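Residue numbers (our numbering), protein chains in the order written: chain A, -19 to 400; chain B, 5 to 288.
All C-beta atoms, glycine included, are put in the ideal place defined by N, C-alpha and C.
All values derive from a computational prediction rather than experimental measurement.
Inspection log for the structure reproduced underneath, given as structure tokens.
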């Protein structure tokens, strides 16, 4: 049913204009970047969810990507070559994602692929990357199977990821939960790979940290759910003290609004929403976001307090008239990671760029980060925090930030199976 | 247990409002209006704008659906009317074109971010019995849905205009031969159908996330409801919506793995046993 759009005319013109702007710049701007005599332009294909109830989410990824491309092109591009970027709607469907990837590489001539929101799509597209012989940098899909199975165990070296995996949703969350006065947990989460895998991790790790906890109820909602009332009554029937949820985008907004009506926030001692600190959710809920709700994401605009993050926030606000959401940061970082790796490798030759990207260190807005050699996973810490209504900001913000050392919550090779 | 059912029924009310309009339009005009979900979406957005301007939920509920009815008039009078004599596939294509256009218009006008005004305080309470909770808003929705059902029934059964509508639905050629001006009737039926979808959208505004494309999910469920109940039958749409609501609520409770499939299984079963739907009229 979703409208099928690939490149709309407007977006095509936009990307063409971007490329043209890069080409037209005087040499003086390119002083910092040595001319590596690479092909011009370097093409990057980005796919994300751009339609339907979660489309607001993908819009933030598009904005982060465009900002990075504009900045880099203004400064001379990648090794002297301007970047041209193209967007396609992933629709969170495996077949569409695979088709987009093939289109990007085989028809449009992409040199790199970035984006992808759905874990299932990330796994499916990752699977065909070696045959397409291009590098994929995932900026949202979070399943641990991507870095642990696909890359580490099955040696798929074309796949990278610059966003935190479900370790944030499933393990860091358990580290927050162990100190909460909650013994009985239940979940309302999406009925697909991401929802199931993060709940499984949360249970396994929380049980280790606090053996007396119980998991009393679960309800998984299909993609496209607008009314969570039945899920809420079902789960609340088990009388839980805490709710763990990995709903996101417009679905998280709807769930929180309806949970408020059902007095979930009064009847339980804690509600945790793994993607609750995404800008679209903060803005979507506004005053309806209950104080004290625990939330996190793959980046939070208020953390860390570094010059890089401040600069990114300022540039983003100036370009788009509002603060960045986390897919903006991860897609921005993906483009910069590609630039750094290509300039290090001094070539677009895929195996050499892969080598350059392994172990690459980045000073990204979200903090210092290393792309692990073994599983091609970017390692950096993202805070959990509690929702607070601060009159200084037009939307709810996070307070009482909890940041854990990545060493304590990133699973490490050889990745023992998650028990439970 | 009981509350799970009531919650399911209240979810069914949105579906009923959309399905009622869809079924009414099909029954009288023989047009399968793909854009009906988009009208639901417009209802939510218009109500949201009215709420922003007036600050009153009541005004939003009155103005939102009325504006959607006006859009319905433009769609019927300006576009649909021109393709009545064309094959059904063309009518379907036209309404589908409206799905795409309205989604993009809304995206351009309001942005892709989810809008969600606060729930009115007067309806934010809840009935609590032990561990079971039923929000006031859900009771309100149940009330409104039932009232609309009663109102539609009275309108169709007790007024002369209702009689004309029923006559046209039963036998279009005969009604025309007896002097019914079907073109004007079609416009009003489409406007009424649009108003019903708009009302569903306006009611969803404070408790669901409003976003472009929100109509694309409800239209599929509304189709299931209408097929289940019988194309063109309002009673069928009502019972069908309640059935889907209950199947969803109890399905989640007792067999969560199959919950998604239950509604479609019910539809398939009806199609096999009674292809014209539970309350539909067998044609030919």
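Contacts between residue 14 of chain B and chain A, judged by CB atoms closer than 8 Å, involve 209 in chain order. Burial check for residue 316 of chain A: the Cβ neighbour count within 10 Å reaches 16 or more, so the residue is buried. If you draw a straight line from the Cα of residue 362 of chain A to the Cα of residue 246 of chain A, it comes to about 28 Å. Sequence-distant Cβ neighbours of residue 38 of chain B in its own chain, meaning closer than 8 Å and more than five residues away, are 96, 99, 100, 102, 103 and 223. Considered as a whole, the segment 56 to 108 of chain B harbours 61 to 82 as its complete alpha helix (DSSP H) runs of no fewer than 4 residues, in chain order. Residue pairing by DSSP places residue 27 of chain A opposite A:68 and A:95 in a beta bridge.
Linking residue 184 of chain B to residue 28 of chain B through their CA atoms gives a straight-line distance of about 17 Å.
If you look at residue 366 of chain A, you'll find it in the beta strand (DSSP E) that goes 364 to 368. Under the three-state reduction of DSSP output, residue 330 of chain A falls in the helix class. Its chain contains 64 and 121 as the residues whose beta carbon lies nearer than 6 Å to that of residue 55 of chain B, once the 5 sequence neighbours on both sides are disregarded; these appear in chain order.
DSSP, reduced to helix, strand and coil, places residue 141 of chain A within a strand of the structure shown. For the segment 240 to 266 of chain A, residues whose beta-carbon sits nearer than 9 Å to a beta-carbon of chain B comprise 240, 241, 242, 243, 244, 247, 259, 260, 261, 263, 264, 265 and 266. For a Cβ distance threshold of 7 Å, residue set 118, 120 and 213 of chain B lies close to residue 233 of chain A, ordered along the chain. For residue 202 of chain A, the chain B residues whose Cβ falls inside 9 Å of its Cβ are 263 and 264, in order along the chain. Residue 24 of chain B and residue 231 of chain B have their C-alpha atoms spaced approximately 12 Å apart. Your pair residue 185 of chain A and residue 150 of chain A checks out as a contact, with CB atoms roughly 7 Å apart and the cut at 8 Å. The closest CA to that of residue 258 of chain A, considering only A:110, A:34 and A:25, is found on A:34.
Spanning the alpha carbons of residue 254 of chain A and residue 211 of chain B requires a straight line of approximately 21 Å.
The C-alpha of residue 90 of chain B is placed about 30 Å away from the C-alpha of residue 276 of chain B. Chain B has a Cβ within less than 9 Å of the Cβ of residue 230 of chain A.
Between residue 114 of chain A and residue 85 of chain A the beta-carbon gap is near 5 Å, inside 8 Å, which marks them as a contact.
Flagged as an interface residue toward chain A: residue 252 of chain B, by a C-beta distance shorter than 9 Å. Counting only runs of 4+ residues, the alpha helix (DSSP H) found wholly inside the segment 342 to 393 of chain A occupies 386 to 389, in chain order. Residue 260 of chain A is positioned such that its CB atom lies closer than 9 Å to that of residue 118 of chain B. Shown here is that no member of the segment 154 to 188 of chain B has a Cβ falling below 8 Å from a Cβ of chain A.
Residue 200 of chain A carries a strand assignment under DSSP once its states are collapsed to helix, strand and coil.
The C-beta of residue 218 of chain B comes closer than 9 Å to at least one C-beta of chain A. Short of 7 Å from the beta carbon of residue 398 of chain A, and not among the five residues preceding or following it, lie these beta carbons of its own chain, in chain order: 180, 181 and 184. Put simply, the CB of residue 248 of chain B is far from chain A, with every gap to its CB atoms at 9 Å or more. With its beta carbon at least 9 Å from every one in chain A, residue 268 of chain B lies outside the interface. Think of a sphere of 8 Å around the beta carbon of residue 199 of chain A: the chain B residues whose beta carbon falls inside it are 256 and 260, in chain order.
When only Cα atoms are considered, residue 188 of chain A and residue 278 of chain A end up about 24 Å apart. Among the residues of the segment 121 to 145 of chain B, those with a Cβ less than 7 Å away from any Cβ of chain A are 122, 123, 128, 130, 135, 137, 139, 141 and 142, in the order of the chain. The continuous alpha helix (DSSP H) containing residue 183 of chain A extends over residues 173 to 189. From the listed residues B:84, B:206 and B:145, the smallest Cα separation to residue 36 of chain B is found for B:84.
Considering only B:82, B:165 and B:15, the residue with the shortest C-alpha distance to residue 242 of chain B is B:15.
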